[in-house]
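Below: one structure, written as structure tokens.
2 protein chains.
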Amino acid sequence: MSELPFLVLIRDELEQVEQLLRRRPPDTYPAITEAIERLVSSGGKRIRPALVLLSARLCGAGLERALFAAAAVEMLHTATLIHDDLIDGATVRRGQSTLNATHSPAETVLIGDYVFAYAAYLASQTESTRLMCRFAETLMVICQGEVRQMLGGRGGSFSFREYEQRIYAKTASLISLAAEAGAILASADERAVQALRLYGKHLGLAFQIVDDVLDFTADEEMLGKPVGSDLRQGLFTLPFLLFIELEAQHPVARRALEGEYAAGRAPLSEAALYEAVQAVAGSKAIEQAMEIADRHIEWAKEALASPALSSCATDARRDYLIALLELADFVVRRRF
Amino acid sequence: MSELPFLVLIRDELEQVEQLLRRRPPDTYPAITEAIERLVSSGGKRIRPALVLLSARLCGAGLERALFAAAAVEMLHTATLIHDDLIDGATVRRGQSTLNATHSPAETVLIGDYVFAYAAYLASQTESTRLMCRFAETLMVICQGEVRQMLGGRGGSFSFREYEQRIYAKTASLISLAAEAGAILASADERAVQALRLYGKHLGLAFQIVDDVLDFTADEEMLGKPVGSDLRQGLFTLPFLLFIELEAQHPVARRALEGEYAAGRAPLSEAALYEAVQAVAGSKAIEQAMEIADRHIEWAKEALASPALSSCATDARRDYLIALLELADFVVRRRF
Chain A
1 MSELPFLVLI
11 RDELEQVEQL
21 LRRRPPDTYP
31 AITEAIERLV
41 SSGGKRIRPA
51 LVLLSARLCG
61 AGLERALFAA
71 AAVEMLHTAT
81 LIHDDLIDGA
91 TVRRGQSTLN
101 ATHSPAETVL
111 IGDYVFAYAA
121 YLASQTESTR
131 LMCRFAETLM
141 VICQGEVRQM
151 LGGRGGSFSF
161 REYEQRIYAK
171 TASLISLAAE
181 AGAILASADE
191 RAVQALRLYG
201 KHLGLAFQIV
211 DDVLDFTADE
221 EMLGKPVGSD
231 LRQGLFTLPF
241 LLFIELEAQH
251 PVARRALEGE
261 YAAGRAPLSE
271 AALYEAVQAV
281 AGSKAIEQAM
291 EIADRHIEWA
301 KEALASPALS
311 SCATDARRDY
321 LIALLELADF
331 VVRRRF
Chain B
1001 MSELPFLVLI
1011 RDELEQVEQL
1021 LRRRPPDTYP
1031 AITEAIERLV
1041 SSGGKRIRPA
1051 LVLLSARLCG
1061 AGLERALFAA
1071 AAVEMLHTAT
1081 LIHDDLIDGA
1091 TVRRGQSTLN
1101 ATHSPAETVL
1111 IGDYVFAYAA
1121 YLASQTESTR
1131 LMCRFAETLM
1141 VICQGEVRQM
1151 LGGRGGSFSF
1161 REYEQRIYAK
1171 TASLISLAAE
1181 AGAILASADE
1191 RAVQALRLYG
1201 KHLGLAFQIV
1211 DDVLDFTADE
1221 EMLGKPVGSD
1231 LRQGLFTLPF
1241 LLFIELEAQH
1251 PVARRALEGE
1261 YAAGRAPLSE
1271 AALYEAVQAV
1281 AGSKAIEQAM
1291 EIADRHIEWA
1301 KEALASPALS
1311 SCATDARRDY
1321 LIALLELADF
1331 VVRRRF
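If you read the protein sequences in the order shown, they are chains A and B.
Its first residue numbered 1, the first sequence is counted upward by one per residue in this note's numbering.
Its first residue numbered 1001, the second sequence is counted upward by one per residue in this note's numbering.
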């Protein structure tokens, strides 16, 4: 991803973040080092560190603290994935075996906890108590969202509002934190912090909607995991909710409304899953979901037009603002 | 515990910590509030918050930040217990059902993660980046210790050195952090910070040794959990290691050396467990283990004699130093 034109600006910094992500305290237990190494080297799009770095450069934060914040955000993201995959029983992510596929549940819980602690350690190296507080608050939002999803019947809800709350907690909260982090580190004008946070929120919502669309339409190999994975878990995402609304008489929609896809029922057969994925992928729901994602991207860009950011962006820094705009466009354009 | 004579000094502060522990952000999901409420109200000895408060008072830290640090340490301790109990399959702690006894593993993992995040949030309210960094480092030590214990064959080791490393990671690291926290918040002389940290380390080692002795000798009702629980999990603690050394020809010791008590074997029958617990409880191993605990308490008290602390303790503050000395004596005297 660092080859994307808008990231060329921060290519060196992204490389330094990679090095930070691979660094471990000298006395780390080999099994932990190995597990984190595998998780970190499996790649991922690094969109969160890129946001931290662009926002830091835009607002004039010091490089070293920005690098630690960028690594901390990515490490926190990694930690949440470890426990998520364990809970969902996912065995493949980014084309690689998940930790729970090769370790016992107990080991996976503990290694996940260690990675949370390591993320907090990296965050503490920014020496910003405000940023550390925002880190903790964001993790609370993420965990609370997951508990709510689980206790609320694993997403078998047909509410668009609940869907948005869920993807805010799951994805947009951390992307929002990444976007505001640079402004916080730079002690920028409060309106600049809020503008970047709002940008990140809409960017994150769009990002997750696109992810949810790709779960119906993507090529498995490119996606690095099986398609239809949300539905397999009884989780109704935006494309599916729109499909049910648009094609209420379709057999798939009728079965959904009768509760057949809800978690807790007998697992879906691969044939039934395939039928549902095909139905949604071939419907207008995909286009409509992408329109909603596009709308969030427009709102994200509007947030960047805040006067607080234009004044913060001197001529020398204006390129970072442009990169943030381009990154927003990329999020809805990507196919993986 | 706040009725103990050396804690009367900080009774009001301990009460304020209780209130902080019961406070939740306004939009907390009810299931999370209820779970934390149950964990927090089940009591526990509150030795960690007491240490933070005494060290803060001794070194002259501000009250509000000390209260947040005390609540943060207790919340971090609570979070570690949630995942520990899940992993150990423990159903009772402090006389109450554990979270994993009433929630699914997935819910328990996520609620535990939330409590970690909440502990980090409380720590961030101290506005001390150094303390927050120490929090993160300590959690890394705790998790790493658990991973090591698990991958190293669940404690079926006969090494005294490994035992000490394990109880340092599990217990002494956090007690040590609690003891130094007040000094860090007060920006005390570095030697004062180190002296309190050393005090906490030995106090914590003694505390865990006494816990491990009580697991053989205590009254179940007073202990709030079944005795022999370590051995049931194939975990060899100091009294058992000493017993094997002292009575190598005893049938229990011989069976242990043949690997019969190690984790991964067939579970111990209650009769076999009872026999082993009785044998250890009736042996000189108990006395010897308590002598080692006493030695750590002596070292803890010696650390408090550091000139850096005497100079930090004005006449008005000397009572807190005495309370820390008394707390050390209490740790080896307690029977629960």
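Virtual Cβ for every residue (Gly too), placed ideally from N, Cα, C.
Treat the numbers as computed from the prediction; the structure is a model and nothing was measured.
Where E1018(B) and A1123(B) are concerned, what is the direct C-alpha to C-alpha distance, given to the nearest angstrom? 15 Å
Could you work out which residues of chain B lie near E137(A), taking near to mean beta carbons separated by less than 7 Å? Y1121
Minimum length 4: unbroken alpha helix (DSSP H) runs contained in the stretch 191-227 of chain A: 220-223
On a Cα-Cα basis, can you pick out the residue from T1314(B), P1251(B), F1207(B), V1141(B) that is closest to R1337(B)? The first residue shown for chain B is 1001 and the last is 1336, placing residue 1337(B) beyond what the model contains.
How many whole angstroms separate the CB atoms of G173(A) and T138(A), which I take to be in contact at a CB cut-off of 8 Å? Rather than Gly, the amino acid found at residue 173(A) in this sequence is Ser. Between T138(A) and S173(A) the Cβ distance is about 5 Å, and since that is below 8 Å, they are a contact.
In its own chain, which residues sit with a C-beta less than 6 Å from the C-beta of G1155(B), not counting the 5 before and 5 after it? Any reading at G1155(B) is ruled out, since the residue's pLDDT is 48, under 50, leaving its predicted position unreliable.
At which residue ranges does the stretch 92-170 of chain A contain complete beta strand (DSSP E) runs of 3 or more residues, listed in the order of the chain? none
I'd like to know if S1104(B) contacts chain A, where contact means its C-beta is closer than 9 Å to some C-beta of that chain. yes
E1287(B) - DSSP class collapsed to helix/strand/coil: helix
Count the other CB atoms, across all protein chains shown, that sit within 10 Å of the CB of Y1274(B); report buried if there are 16 or more and exposed otherwise. exposed
Length of the line joining the Cα atoms of A1353(B) and T1171(B): Within the shown structure, residues of chain B are numbered from 1001 to 1336, placing residue 1353(B) beyond reach of any answer.
Flag A31(A) as yes if its beta-carbon sits less than 9 Å from any beta-carbon of chain B, otherwise no. The beta carbon of A31(A) sits closer than 9 Å to some beta carbon of chain B.
Residues of its chain near S1157(B), where Cβ-Cβ distance is below 8 Å and the 5 sequence neighbours each way are ignored: Y1163, F1236
Within 9 Å, strictly: CB atoms of I322(A) and H202(A): No, these two residues do not count as a Cβ contact at 9 Å.
Inter-residue spacing [alpha-carbon to alpha-carbon] between A195(A) and L51(A): 14 Å
Find out if the Cβ-Cβ distance for the pair V955(B), L110(A) is shorter than 9 Å. With chain B running from 1001 to 1336 in the structure shown, residue 955(B) is simply not present.
Can the beta-carbon of A1117(B) be found less than 9 Å from the beta-carbon of F1135(B)? The Cβ-Cβ distance between A1117(B) and F1135(B) does not fall below 9 Å.
How big is the Cα-Cα spacing for G228(A) and L76(A)? 26 Å
CB contact flag (A248(A), R255(A), <9 Å): No, Cβ-Cβ distance for A248(A) and R255(A) is not below 9 Å.
Could you confirm whether any beta carbon from chain B is found closer than 9 Å to the beta carbon of S176(A)? no
Would you kindly work out how many angstroms separate the C-alpha atoms of C1059(B) and E127(A), rounded to a whole number? 23 Å
For my contact list, V1040(B) and T1078(B) are in at a C-beta cut-off of 8 Å; report their separation, rounded to the angstrom. 7 Å
Sequence-distant residues of its chain with Cβ nearer than 7 Å to A1061(B) (five each side left out): Cβ neighbours of A1061(B) beyond the five flanking positions: G1182, L1185, A1186.
S1283(B) burial status per 10 Å Cβ neighbour count (16 or more: buried): buried
Euclidean distance between Cα positions of Y261(A) and L246(A): 18 Å
State the Cα-Cα distance for the pair V1331(B) and I209(A), rounded to the nearest angstrom. Each residue's Cα considered, the two are about 55 Å apart.
Taking 9 Å as the CB-CB limit, is Y168(A) close to chain B? So, not an interface residue.
Along chain A, in chain order, which residues have C-beta atoms closer than 7 Å to that of A1117(B)? A136, L139, M140, C143
Compare the beta carbon distance of D1113(B) and D88(A) with 9 Å and say whether it is the shorter of the two. no
Quick check: the Cα distance between T1033(B) and R1024(B), rounded to an integer number of angstroms? Those two C-alpha atoms are separated by around 7 Å.
The alpha helix (DSSP H) that contains H1077(B), what's its start and end? 1063-1088
Measuring only the C-alpha atoms, how far is R65(A) from A188(A)? 15 Å
Measuring straight from C-alpha to C-alpha, what distance separates A106(A) and L1241(B)? 26 Å
For V1280(B), which residues in the same chain have their Cβ closer than 8 Å to its Cβ, ignoring the five residues on either side in sequence? F1216, P1239, F1240, F1243, V1252, I1286
Go to R1057(B), then tell me how far its alpha helix (DSSP H) extends in each direction, as first and last residue. Annotation for R1057(B): the continuous alpha helix (DSSP H) segment containing it runs 1047-1059.
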